[in-house]
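Taking it in order: structure first as structure tokens, then the write-up.
Residue numbers (this note's numbering): 639 to 974.
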């Protein structure tokens with residue numbers, strides 16, 4: 639309640655004649671932006687504020703060197719944080735203006751100018767939505783995702799100038815699972831990749847994936863998982879899963895496309911959370927170039943470059959809420 643009052647204060651008491659947001663609002667926006675999902679919870683973003691604009695850069699020290707040599711997943715993670723910042727600004731009654739990949743400094747992914755608008759009321763429910771979003775790796779239920787909801791999620795994603803296609807054909811889904819298994823095999827026989835991945839599980843500090851968020855039993859429908867077994871109880875029997883896969887991508891495999899896919903991922907995920915659905919990214923088939931190309935060729939018929947896959951489905955009603963993964967302190971991610 640105190641926190642909600644503080645957020646309302648930031649929204650209602652700021653001088654409506656100021657062109658830029660005060661520092662307290664900037665700090666609040668960055669804090670909320672950092673609730674965004676990131677690969678292995680690496681949180682690979684750096685924010686700077688110069689009194690005029692918020693600048694977003696990727697933190698190269700947090701790139702997964704072995705599994706993400708080009709920085710695709712790193713940039714997608716930063717794109718998700720960028721959308722979270724925009725979403726938070728609008729939820730607090732401010733108007734964000736985003737400049738993607740501004741010229742003059744190739745390390746800058748975006749600049750965000752935050753201005754006051756008298757015509758944009760605060761949306762406190764959206765702040766709670768950001769806090770509710772999480773990665774729940776427990777097995778999905780058999781409840782199908784309605785076609786209209788899948789189509790709506792794809793439309794939300796494409797609004798960010800990316801391509802989005804739901805894999806609904808059973809034969810295509812079977813082929814996708816085979817390719818995912820091929821990618822897992824490539825991971826399992828690469829000791830450097832395994833070591834890198836393991837280094838982000840139960841990592842000390844405010845980063846990485848705690849083992850109490852990893853299921854303690856393999857999914858009988860998908861017995862091969864990316865991560866080792868954890869301690870999160872997940873023994874419920876599922877005869878078949880009703881989840882669906884959405885492929886996100888663009889016409890090219892470059893930094894600008896990765897950034898937009900990250901924004902689309904965040905927008906899709908928040909809307910799925912609003913509808914009560916669960917989202918789990920599938921990065922391993924994209925990390926292995928041979929399977930990524932095969933997905934583009936056979937499942938997408940060359941329509942666009944696949945850059946990320948996400949599983950969307952339903953969790954059991956009443957299942958206990960998961961603890962949220964930790965986030966780095968504001969002073970570590972924001973330079974003023």
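Ideal placement from N, C-alpha and C gives every residue a C-beta, glycine not left out.
With residue i as the anchor, note down where its alpha helix (DSSP H) starts and where it stops.
i: residue 812; result: 808-826
i: residue 971; result: 968-971
i: residue 744; result: That residue, residue 744, is in no alpha helix (DSSP H); it is neither H nor E in DSSP.
i: residue 930; result: 927-932
i: residue 793; result: 785-796
i: residue 769; result: 762-770
State buried or exposed for residue i, treating a residue as buried only when at least 16 other CB atoms are found within 10 Å of its CB.
i: residue 969; result: exposed
i: residue 779; result: buried
i: residue 642; result: Low local confidence applies: a pLDDT of 42 at residue 642 is under 50, so the model's placement there is unreliable, and no value is given.
i: residue 808; result: exposed
i: residue 644; result: Confidence in residue 644 is poor, its pLDDT being 41 and thus under 50, which makes the residue's placement unreliable; the coordinate value appears in the next sentence. Burial call: exposed.
i: residue 957; result: exposed
i: residue 693; result: buried
i: residue 868; result: With a pLDDT of only 48 at residue 868, under the threshold of 50, the placement of this residue in the model should not be trusted; the figure read from the coordinates follows. Result: buried.
i: residue 974; result: exposed
i: residue 690; result: exposed
i: residue 890; result: exposed
i: residue 941; result: exposed
i: residue 875; result: Because residue 875 carries a pLDDT of 49, less than 50, the predicted location of this residue cannot be relied on, and the following value inherits that uncertainty. Under this definition residue 875 is an exposed residue.
i: residue 659; result: buried
i: residue 735; result: exposed
i: residue 789; result: exposed
i: residue 743; result: exposed
i: residue 971; result: buried
i: residue 699; result: exposed
i: residue 927; result: exposed
Tell me where the beta strand (DSSP E) around residue i begins and ends.
i: residue 839; result: Per DSSP, residue 839 belongs to no beta strand (DSSP E) and is neither H nor E.
i: residue 897; result: Run containing residue 897: none in the beta strand (DSSP E); it sits in the alpha helix (DSSP H), 893-912.
i: residue 915; result: Premise fails: residue 915 is in no beta strand (DSSP E) and is neither H nor E.
i: residue 694; result: 692-696
i: residue 684; result: 683-687
Quick one: what's residue i bridged to in DSSP?
i: residue 721; result: Per DSSP, none; premise fails for residue 721.
i: residue 671; result: Answer is none; residue 671 lacks a bridge partner.
i: residue 947; result: 885 and 920
i: residue 847; result: 839
i: residue 831; result: Residue 831 is not bridged to any residue.
i: residue 804; result: 884
i: residue 735; result: 751
i: residue 962; result: DSSP output for residue 962 lists no bridge partner at all.
i: residue 665; result: In the DSSP output, where bridge partners are listed per residue, residue 665 has none listed.
If you compare alpha carbons, which of the options is closest to residue i?
i: residue 954; options: 972, 676 and 782; result: 782
i: residue 898; options: 755, 686, 716 and 688; result: 716
i: residue 770; options: 973, 960 and 964; result: 960
i: residue 812; options: 845, 826 and 881; result: 881
i: residue 924; options: 707, 674, 687 and 784; result: 707
i: residue 838; options: 892, 967, 687 and 963; result: 963
i: residue 713; options: 705, 723, 701 and 724; result: 701
i: residue 848; options: 884, 890, 746 and 774; result: 774
i: residue 979; options: 920, 703, 819 and 726; result: This structure cannot speak to residue 979, because the chain is shown only from 639 to 974.
i: residue 767; options: 711, 817, 739 and 915; result: 915
i: residue 746; options: 763, 784, 686 and 725; result: 686
i: residue 818; options: 883, 834 and 972; result: 883
i: residue 776; options: 879, 893, 912 and 890; result: 879
i: residue 730; options: 669, 697 and 890; result: 669
i: residue 762; options: 840, 907, 732 and 926; result: 732
i: residue 784; options: 764, 800, 801 and 805; result: 805
i: residue 885; options: 892, 894 and 902; result: 902
i: residue 842; options: 887, 966 and 971; result: 966
i: residue 810; options: 938, 662 and 673; result: 938
i: residue 801; options: 677, 697 and 896; result: 896
i: residue 738; options: 845, 799 and 909; result: 799
i: residue 677; options: 765, 741, 846 and 816; result: 846
_Using 8 angstroms as the cut-off, can you tell me whether the stretch 930-938 makes contact with the stretch 779-796, which would need three or more C-beta pairs spanning the two stretches below that distance?_
Contact between the stretch 930-938 and the stretch 779-796 is absent, with fewer than three C-beta pairs closer than 8 angstroms.
*asked:* Under 8 angstroms, with one C-beta from each stretch per pair, do the stretch 944-951 and the stretch 825-840 reach the 3-pair mark?
replied: No: the two stretches stay apart, fewer than three of their Cβ pairs being nearer than 8 angstroms.
*Are three or more beta carbon pairs between the stretch 677-693 and the stretch 713-728 nearer than 8 angstroms?*
Touching, yes, given that three or more Cβ pairs across the two stretches are closer than 8 angstroms.
*For the stretch 921-931 against the stretch 743-755, are there 3 or more C-beta pairs whose distance is under 8 angstroms?*
no
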